[in-house]
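For the protein sequence lines, the chains are A and B, in the order given. Just add 6 to wherever you are in the first sequence, counting from 1, and you've got my numbering. Just add 6 to wherever you are in the second sequence, counting from 1, and you've got my numbering. C-beta: ideal position from N, C-alpha, C; glycine also.
Number of protein chains: 2
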Amino acid sequence: MRDDPVLERRSVRRYTPQNVEEKDLRKLLEAGMAAPSAGNERPWHFVVLRDRGLMNGIMEVHPYARMLEQCPVAVLVCCDPSLEKYPGFWVQDCSAAVENMLIMAVQLGLGAVWLGIHPIEERVEGLRRLLELPEDIVPFALVPFGHPGEEKRAQDRYDPSRVHMDGW
Amino acid sequence: MRDDPVLERRSVRRYTPQNVEEKDLRKLLEAGMAAPSAGNERPWHFVVLRDRGLMNGIMEVHPYARMLEQCPVAVLVCCDPSLEKYPGFWVQDCSAAVENMLIMAVQLGLGAVWLGIHPIEERVEGLRRLLELPEDIVPFALVPFGHPGEEKRAQDRYDPSRVHMDGW
Numbered sequence: 007m008r009d010d011p012v013l014e015r016r017s018v019r020r021y022t023p024q025n026v027e028e029k030d031l032r033k034l035l036e037a038g039m040a041a042p043s044a045g046n047e048r049p050w051h052f053v054v055l056r057d058r059g060l061m062n063g064i065m066e067v068h069p070y071a072r073m074l075e076q077c078p079v080a081v082l083v084c085c086d087p088s089l090e091k092y093p094g095f096w097v098q099d100c101s102a103a104v105e106n107m108l109i110m111a112v113q114l115g116l117g118a119v120w121l122g123i124h125p126i127e128e129r130v131e132g133l134r135r136l137l138e139l140p141e142d143i144v145p146f147a148l149v150p151f152g153h154p155g156e157e158k159r160a161q162d163r164y165d166p167s168r169v170h171m172d173g174w
Numbered sequence: 007m008r009d010d011p012v013l014e015r016r017s018v019r020r021y022t023p024q025n026v027e028e029k030d031l032r033k034l035l036e037a038g039m040a041a042p043s044a045g046n047e048r049p050w051h052f053v054v055l056r057d058r059g060l061m062n063g064i065m066e067v068h069p070y071a072r073m074l075e076q077c078p079v080a081v082l083v084c085c086d087p088s089l090e091k092y093p094g095f096w097v098q099d100c101s102a103a104v105e106n107m108l109i110m111a112v113q114l115g116l117g118a119v120w121l122g123i124h125p126i127e128e129r130v131e132g133l134r135r136l137l138e139l140p141e142d143i144v145p146f147a148l149v150p151f152g153h154p155g156e157e158k159r160a161q162d163r164y165d166p167s168r169v170h171m172d173g174w
């Protein structure tokens, strides 16, 4: 386990051919589902992708998904908005789930990157059609995972100009 | 440091009177700013709150903020939408920042909870007025921090019915 997975996390877009084991995949999914959500509503679904044909299809509908070519597994986080107890919060809930998976990836020694889908309608429609998702399910974000094929050091992004005390 | 801060994180709403030290606050802010964002746009600002009068004011405009009464410090995550490079993604960026702070809190032995503000207009307006935020700044979420005054164990939230393989 890393000392500081939150600060060490970087977007990793190159992976070795090594597989991601089922036990690590399970931990990633546990991390996603451990996220907080409004009223603990947990409006999420997780589509695990290992099929090469589907990965290739996604590369055609998502402009920044070239890393799928080398990637052993990806997880598409989706929302079922009918599960919302507090309307308007599902994007926050699903974002917390994605971020949890990214941090767990660091802890497992894996690389990962957050690929945005929602609210870009072409990507939402493209993914929904390709994966035959129900009409009421929103594909939210795609996260490819793999053993890192590039080394990226932690980056200090602290910016004091963005911090305010007791008001603006 | 905890072994598994992502899975150990719970919403903690009771705090002891012990202060949160400046060095821990700094780590929380670093964690927020280490979050991924669309095109690395980092559209966030962080308002640190220690003033009791402001805390009391927030309890009047936010219906679920009673824990501020015992809380030594809170951070309001805000967005400046004019910093977006990729329109439509700022909620995801700021959510990742909030989640990072929650996980860092676990690592520091602190308790915290995500209080939603955006998109509930009364809360957005109430916070903006109280803290004299500029009109174009959106108060997004408030995170109180303190030394835990309640013990909450990790909860297994894994739900196999939310996992799908290579399609729906």
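Contact set for N106 of chain B: own chain, Cβ-Cβ below 7 Å, skip 5 residues either direction: As a first step, residue 106 of chain B is located in the second sequence; it is residue number 100 there, counting from the start. Taken in chain order, the residues that qualify are A37, G38, A40, A41.
Beta-carbon proximity of I123 of chain B to A147 of chain B, cut-off 7 Å: Stepping through the second sequence from its first residue, residue 123 of chain B is reached at position 117. Stepping through the second sequence from its first residue, residue 147 of chain B is reached at position 141. Cβ distance < 7 Å, so I123 of chain B and A147 of chain B count as in contact.
Where the region 131-154 of chain A meets chain B: residues whose CB sits under 8 Å from a CB there: L137, E138, L139, P140, I143, A147
Simplified DSSP assignment, three categories, for G152 of chain B: Mapped onto the second sequence, residue 152 of chain B falls at position 146. Three-state DSSP puts G152 of chain B in a strand.
Under 7 Å from the C-beta of Y164 of chain A: neighbouring residues of chain B: Walking along the first sequence from the start, residue 164 of chain A turns up at place 158. Ordered by position in chain B, the residues that pass the 7 Å Cβ test against Y164 of chain A are L35, E36, M39.
C-beta neighbour in chain B for A102 of chain A, strict 7 Å: What you label residue 102 of chain A is simply residue 96 of the first sequence in a count that begins at 1. Yes - at least one Cβ of chain B is within 7 Å of the one on A102 of chain A.
G63 of chain A at chain B interface by Cβ criterion, 7 Å: For the purposes of this step, residue 63 of chain A is taken as residue 57 along the first sequence, with counting starting at 1. Answer no: the Cβ-Cβ gap between G63 of chain A and chain B never drops below 7 Å.
Exposed unless 16 or more other CB atoms sit within 10 angstroms - verdict on P150 of chain B: In the second sequence, counting from the first residue as 1, residue 150 of chain B sits at position 144. Buried, because 16 or more other Cβ atoms sit within 10 Å of the Cβ of P150 of chain B.
Length of the line joining the Cα atoms of R134 of chain A and V169 of chain A: Working through the first sequence from its first residue, we reach residue 134 of chain A at position 128. Working through the first sequence from its first residue, we reach residue 169 of chain A at position 163. Computed Cα separation, rounded: 40 Å.
Where P11 of chain A falls: helix, strand or coil (DSSP): Indexing the first sequence from 1 puts residue 11 of chain A at position 5. Three-state DSSP puts P11 of chain A in a helix.
When B:E127, B:N25, B:L34 are compared against D165 of chain A, the one with the closest alpha-carbon: The residue given as residue 165 of chain A occupies position 159 in the first sequence. For D165 of chain A, the nearest C-alpha among the options comes from B:L34.
7 Å Cβ cutoff, L31 of chain A in contact with chain D: Structure shown: chain D not included; protein chains present are A and B.
Residue-chain proximity (H68 of chain A, chain B), Cβ-Cβ < 7 Å: For the purposes of this step, residue 68 of chain A is identified with residue 62 of the first sequence, where counting begins at 1. False, the Cβ-Cβ gap to chain B never drops below 7 Å.
Run of the beta strand (DSSP E) containing A80 of chain B, from where it starts to where it stops: As a first step, residue 80 of chain B is located in the second sequence; it is residue number 74 there, counting from the start. Taken as a continuous stretch (DSSP letters only), the beta strand (DSSP E) holding A80 of chain B covers 79-85.
Reduced DSSP category for G122 of chain B - H, G, I as helix; E, B as strand; rest coil: As a working mapping, residue 122 of chain B is identified with position 116 in the second sequence. Here G122 of chain B sits in strand by DSSP.
Per DSSP, cross-strand counterpart(s) of P145 of chain A: Numbered from 1 along the first sequence, position 139 holds the residue referred to as residue 145 of chain A. Partner(s): A:C84.
Length of the line joining the Cα atoms of K29 of chain A and L114 of chain A: For the purposes of this step, residue 29 of chain A is taken as the residue at position 23 of the first sequence. For the purposes of this step, residue 114 of chain A is taken as the residue at position 108 of the first sequence. So the alpha carbons of these two residues sit roughly 10 Å apart.
Status (buried if at least 16 other CB within 10 Å, exposed otherwise) for Q98 of chain A: Counted from its first residue, the first sequence places residue 98 of chain A at position 92. The residue in question, Q98 of chain A, is buried, as its Cβ has 16 or more Cβ neighbours within 10 Å.
L82 of chain B and M61 of chain B closer than 7 Å at C-beta: Walking along the second sequence from the start, residue 82 of chain B turns up at place 76. Walking along the second sequence from the start, residue 61 of chain B turns up at place 55. Not in contact: L82 of chain B and M61 of chain B (Cβ atoms no closer than 7 Å).
Start-to-end residues for the beta strand (DSSP E) that takes in V104 of chain B: If you number the second sequence from 1, residue 104 of chain B lands on position 98. First-last for V104 of chain B: 96-113, but that is the alpha helix (DSSP H), not the beta strand (DSSP E).
Rounded separation between D162 of chain A and A111 of chain B - CA only: For the purposes of this step, residue 162 of chain A is taken as the residue at position 156 of the first sequence. For the purposes of this step, residue 111 of chain B is taken as the residue at position 105 of the second sequence. If I take the Cα positions, the gap works out to 18 Å.
Between the CA atoms of P23 of chain B and L31 of chain B - distance to the nearest angstrom: Within the second sequence, numbered from 1, the residue matching residue 31 of chain B stands at position 25. Within the second sequence, numbered from 1, the residue matching residue 23 of chain B stands at position 17. In a straight line, the C-alpha of L31 of chain B is about 16 Å away from that of P23 of chain B.
Cutoff 7 Å: N25 of chain A Cβ touching any chain B Cβ: Reading the first sequence from its first residue, position 19 is the one you call residue 25 of chain A. It does not; no Cβ of chain B falls within 7 Å.
Presumed contact (8 Å Cβ cut-off) between W177 of chain A and C77 of chain A, rounded CB distance: Chain A is shown only over 7 to 174; residue 177 of chain A falls outside these bounds and no answer can be derived.
In DSSP terms, what G117 of chain B is bridged to: Within the second sequence, the letter at position 111 stands for residue 117 of chain B. Per DSSP, B:G152.
Integer-rounded CB distance, given that A102 of chain A should sit under 8 Å from S43 of chain A: Here residue 43 of chain A refers to the residue found at position 37 of the first sequence. Here residue 102 of chain A refers to the residue found at position 96 of the first sequence. Contact holds; Cβ gap of about 7 Å.
is_contact[W96 of chain A, chain B] using C-beta, thresh 7 Å: As a position in the first sequence, residue 96 of chain A is number 90, starting the count at 1. By this cut-off, W96 of chain A is not an interface position.
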